[in-house]
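Numbering (my numbering), first residue to last: 35 to 271. Glycine included, C-beta positions come from ideal geometry on N, C-alpha and C. Worksheet for the structure shown next.
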């Protein structure tokens, strides 16, 4: 792959990689053997991210301002979500996307300074964020992920933090900020992922009274801490 960008690892271990130069999503099985390529230059111009739910593969095309949906088995195009614009359901340079456990789709509508939520079928549901510098606003939104409670995590490269919103779009809290290489700080953050499977490897780094439930990984483009790991959980009594 000449220019890989976003990647999604499905529950069965299959890997879906958006490649900018090929203008395709390349699919590998759990043994990393090539399976199929989704789309081509006639369908995709700049596929920057990909997410999978059930038999649907969602591909974020930044230059066409849309999300293209493919059938996971056949590779056929099923649907196009969005078009250029400012209205609900329209995009201006979408860059990242993710899905929750119910199959709802979240798209970082970067140049409209918001994240849009859609049903699995592509119906617009909710707009999260707005331009500005106050809490709950977005200045340079990047990666997005969703936890098991449908809370949305949005990376902001300008604020150098992650803001957490509930499923109604209400801001819950933020973390990060700081300067450079300080513990817990972020330095031009970009990608984000949630992990419930590897908590046991990190529990020893937490206070003995703090029970980890899940982890959040954030990638930083600058600084020495290229990957920061944050633990979420509960304090024991």
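Please classify residue i: does DSSP put it in a helix, a strand, or coil?
i           : result
residue 221 : coil
residue 239 : helix
Do residue j and residue i come within 8 Å of each other at the CB atom, strictly closer than that value?
i           : j           : result
residue 209 : residue 232 : no
residue 61  : residue 72  : yes
residue 159 : residue 138 : yes
residue 246 : residue 224 : no
residue 175 : residue 149 : yes
residue 117 : residue 100 : yes
residue 205 : residue 249 : no
residue 178 : residue 222 : no
residue 106 : residue 91  : yes
residue 102 : residue 42  : no
residue 109 : residue 162 : no
Distance, Cα to Cα, residue i vs residue j?
i           : j           : result
residue 218 : residue 184 : 24 Å
residue 200 : residue 54  : 32 Å
residue 63  : residue 167 : 43 Å
residue 267 : residue 226 : 18 Å
residue 50  : residue 164 : 30 Å
residue 122 : residue 259 : 36 Å
residue 312 : residue 93  : Beyond the ends of the chain as shown, which are 35 and 271, falls residue 312; an answer cannot be given.
residue 35  : residue 78  : 16 Å
residue 111 : residue 156 : 14 Å
residue 141 : residue 128 : 7 Å
residue 40  : residue 152 : 20 Å
residue 145 : residue 38  : 22 Å
residue 182 : residue 188 : 15 Å
residue 239 : residue 98  : 44 Å
residue 252 : residue 56  : 27 Å
residue 265 : residue 212 : 18 Å
residue 104 : residue 113 : 7 Å
residue 66  : residue 48  : 8 Å
residue 180 : residue 229 : 10 Å
residue 115 : residue 243 : 46 Å
residue 52  : residue 74  : 11 Å
residue 234 : residue 147 : 36 Å
Take residue i as the anchor and find which of the options has the nearest alpha-carbon.
i           : options            : result
residue 119 : 105, 96, 44        : 96
residue 270 : 198, 229, 241, 230 : 241
residue 69  : 88, 58, 236        : 58
residue 257 : 89, 238, 46, 216   : 216
residue 262 : 42, 236, 43        : 236
residue 46  : 89, 186, 154, 207  : 89
residue 192 : 198, 220, 80       : 220
Please give me, in chain order, every unbroken run of the beta strand (DSSP E) with length at least 3 that falls completely inside the segment 37-98.
38-43, 49-53, 58-62, 68-72, 81-87, 90-95
Tell me the start and end of each unbroken beta strand (DSSP E) in the segment 130-175 that is at least 3 residues and wholly inside, in chain order.
139-143, 148-152, 158-162
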